[in-house]
Structure formats: structure tokens, C-alpha cells
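Undergrad: The sequence shown begins at 3 in my numbering and counts up one residue at a time. Glycine included, every Cβ here is placed at the ideal spot set by N, Cα and C.
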Amino acid sequence: TVVANFEMKGISYVAMNYTIDVTNINPLTKINCNYIAQMPFAHGYTNSPNLDFDQSSLWWGETFEGVKVTTALAKQKGIKTMLKPQVWISGSYTGAFSLANETDWQTWESNYRNYIMGYAHLADSIGIELFCIGTELKLVVQNHPAFWNSLIDSIKTFYDGKLIYAANWDDYKLVPFWNKLDYIGIDGYFPLSTATAPEVKDLISGWQSTINDIDQYRLAQNKNVIFTEIGYKSVDACAHEPWNPTSTNLNLQAQANATQAFFEVFANKPWFKGAFFWKWYPKHETSGGTNNKDYTPQNKPAETLIKKCF
């Protein structure tokens with residue numbers, strides 16, 4: 003098994019509606035994780051400029067208090083944080099979000115700015131190392147570059163950590179402001195193979211044109227790359243459309259093979275600074291397992307593999 007010399011050996015750490023303690027962090031140290039992504043969600047609505055991120059309506063792990071506690075517990079174990087606030091839109095894909103008129107856009111921009119700035123100030127106050135300014139907001143990013151430039155400039159006036167944006171795998175080349183950020187961030191759900199149970203070697207060849215594309219692009223931008231998310235469900239054909247596989251047939255080996263192929267391809271690329279696996283639940287003992295079909299690697303062969311590669 004290849005050992006990944008990543009700067010960020012990351013896990014997307016799920017915020018829950020209960021408080022956590024150090025026993026919820028210890029399992030991360032056992033897989034050699036050195037970074038977690040914390041993801042406080044704001045609730046958006048199709049065709050509406052409204053965003054709901056009132057602290058009283060959030061789950062504990064998404065609140066300022068929850069982020070503070072989680073960050074401090076992780077820090078005690080030598081684990082850093084990427085804070086990655088993201089918008090969840092009921093019933094539709096965030097990347098397709100758009101609004102009908104300029105007045106609505108101004109309202110949305112104001113709401114989003116308030117949401118992001120609150121967490122950016124929190125990140126600054128507790129020494130969070132990496133801050134993600136947005137996730138998979140394809141049309142908003144393409145159509146409102148001035149808003150994003152201004153938002154980034156505002157954050158830079160007080161936040162000393164690194165900045166990133168999480169582009170979806172199919173639109174990272176359309177982001178107009180990489181030059182203002184420290185890394186190119188990609189949610190790496192690239193389609194690799196239509197096979198039900200592809201072998202590692204087939205998945206590695208499935209990566210080749212993609213990795214060449216990323217390499218050429220990041221060279222032109224003069225930036226290093228992080229996968230702000232990557233992961234595979236433990237089902238048949240999990241690497242065909244990793245963002246939403248259609249099969250419900252359990253296949254732990256397919257998940258493990260896709261995970262291994264990722265490491266084989268990216269482990270020793272000096273410009274590739276790490277990845278955040280989607281996703282990890284605080285109650286490790288009762289999460290995932292050999293009957294679980296979701297993304298988490300917990301208590302599955304994929305976890306053992308991540309531990310070895312990290």
C-alpha cells in the first residue's frame with residue numbers, strides 16, 4: 003500500500019446534535035488523520051434569497067460553541083481544522099442555485115456575507131488554520147465575481163489563516179478568483195468507471211486524463227490543489243457517479259478499491275496537498291460497519307486502507 007505524503011490527511015467530520023468529548027476524537031488519531039473539516043450548514047431555498055443560519059436553529063456541532071469545542075478537542079490531539087460553512091438547499095443542487103432579479107441577489111449576497119463573516123471571525127478568534135469561503139456554488143461564482151472578490155478581501159483584513167474555495171469536480175476551471183486564494187479546492191467526485199466492481203488498476207487508468215487536466219490547470223494558476231471532499235459509497239459501481247451512485251447493492255470492496263486508486267494516483271504528487279474523506283461520525287463504534295452502504299469508511303475495509311495510506 004502506498005503511503006501518502008500529504009500535508010492534509012483529512013476527514014470531513016460530521017456535526018451532530020449532541021456535545022462531544024475527547025473520546026469522539028481519539029478514533030481519528032488511530033487512522034493518522036491530521037485535519038478535520040467542520041461543516042456548519044446554512045439552509046437555503048430554491049428561488050429564494052433567504053438563508054437560515056440562526057444559531058438557535060443549528061445542530062450543536064454547527065454552532066459557534068460546537069465549532070469551538072470540536073476545534074479545541076482536535077487541537078489537543080494534534081489535529082487541525084478546515085472550517086467549511088456550506089449552504090444546503092432543500093430539493094435541489096447547490097450548484098444550480100440562481101435568482102430571478104437583482105434585488106433578490108443583493109439580499110442573498112448580504113445574507114451569505116453575514117453567514118460567512120460570522121464563521122470567518124470565529125475561525126480567526128480560535129486559530130483555525132484553513133477557511134473555506136464557499137462550496138459548490140457554481141452559478142453564483144460564475145455570475146457574481148465582484149461579490150466574491152469583495153468577500154475575500156474583507157476576510158483577509160482580519161483572518162491570517164489560509165483560504166480556499168470548494169469547487170465541484172466539473173466546474174473548478176470556471177472559478178474566477180483562485181488567484182486570491184491559497185489553494186485550488188475541488189470536491190473530487192470525478193467519474194472513473196462504469197463497472198460494478200472495478201479493479202484498482204482500471205480505476206487508476208480512469209484517473210489519468212483527469213489528473214493531467216488538474217495538473218495543467220493548477221500550473222497555469224500557479225496554485226497547489228486540495229480535494230476539499232472525496233469519497234465513495236460502499237455500493238456497486240460507486241466510482242461511476244460518485245456523487246450519487248444509483249445502486250443500493252452493498253459492495254465494501256468497490257469502496258476500498260476506489261479509495262486505494264485515489265491514493266495510488268495522488269500520493270506522491272508534490273502539488274497535491276491532501277484530501278478530506280467524506281465523511282466521519284463522532285460516535286465511531288456505532289458508525290458505518292460492514293452492512294453500511296453510505297460514504298463513511300468507518301469500520302469498513304476502506305478505514306483500514308486510509309489508516310495505512312495516511
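Helix, strand or coil: how does DSSP classify residue 84 here?
TA: strand
Undergrad: What residue range does the beta strand (DSSP E) around residue 227 cover?
TA: Where residue 227 is concerned, the enclosing beta strand (DSSP E) starts and stops at 226-232.
Undergrad: Between 9, 261 and 221, which lies nearest to residue 201 when the distance is taken from Cα to Cα?
TA: 261
Undergrad: Suppose the cutoff is 6 angstroms on Cβ atoms and the five residues either side in sequence are ignored; what does the same chain contact list for residue 297 look like?
TA: 233, 235, 280 and 281
Undergrad: Which residue from 75, 129, 111 and 27 puts its Cα closest to that of residue 52?
TA: 111
Undergrad: Keeping to the same chain, check which residues put their C-beta closer than 7 angstroms to that of residue 29; ignore five residues upstream and five downstream.
TA: These residues qualify, in order along the chain: 286.
Undergrad: Which residues mark the beginning and the end of the beta strand (DSSP E) in which residue 312 is found?
TA: Note, residue 312: premise wrong, no beta strand (DSSP E); not H, not E.
Undergrad: In chain order, what residues of the same chain lie with their CB nearer than 8 angstroms to the CB of residue 271, ignoring the 5 residues before and after it?
TA: 213 and 217
Undergrad: Leaving out five residues on either side along the sequence, give the residues of the same chain with a beta carbon under 7 angstroms from the beta carbon of residue 65.
TA: 57
Undergrad: Would you mind sorting residue 155 into buried or exposed? The rule is 16 or more other CB atoms within 10 Å of its CB.
TA: exposed
Undergrad: Do residue 191 and residue 247 have their beta-carbon atoms positioned less than 8 angstroms apart in this structure?
TA: no
Undergrad: Where does residue 174 land, buried or exposed, given buried means 16+ other C-beta within 10 angstroms?
TA: By the 10 Å Cβ count, residue 174 comes out buried.
Undergrad: Compare the Cα-Cα distances from residue 178 to each of 204, 151 and 311 and report the closest residue.
TA: Per the Cα distances, 151.
Undergrad: Quick check on residue 290: does DSSP put it in helix, strand or coil?
TA: coil
Undergrad: According to DSSP, simplified to helix, strand and coil, what is residue 59?
TA: In this structure, residue 59 counts as helix in the three-state DSSP scheme.
Undergrad: State the Cα-Cα distance for the pair residue 160 and residue 299, rounded to the nearest angstrom.
TA: Taking the straight line joining both Cα atoms gives about 37 angstroms.
Undergrad: Give every residue of the same chain whose Cβ lies closer than 6 angstroms to the Cβ of residue 63, excluding the five residues on either side of it in the sequence, and list them in chain order.
TA: 17 and 18
Undergrad: How big is the Cα-Cα spacing for residue 250 and residue 238?
TA: 7 angstroms
Undergrad: With a threshold of 16 other CB atoms inside 10 Å of the CB of residue 305, please say whether the residue is buried or exposed.
TA: buried
Undergrad: Pull up the distance between the alpha-carbon of residue 195 and that of residue 241, whole angstroms please.
TA: 6 angstroms
Undergrad: Could you give the residue range of the beta strand (DSSP E) that holds residue 275?
TA: 274-282
Undergrad: Have a look at residue 167 and residue 311 and give me their C-alpha separation to the nearest angstrom.
TA: 25 angstroms
Undergrad: Kindly provide the ranges of any beta strand (DSSP E) runs that are 3 or more residues long and lie completely inside the region 100-145, ordered along the chain.
TA: Runs of the beta strand (DSSP E) lying entirely within the region 100-145, each at least 3 residues long, are 132-137 in chain order.
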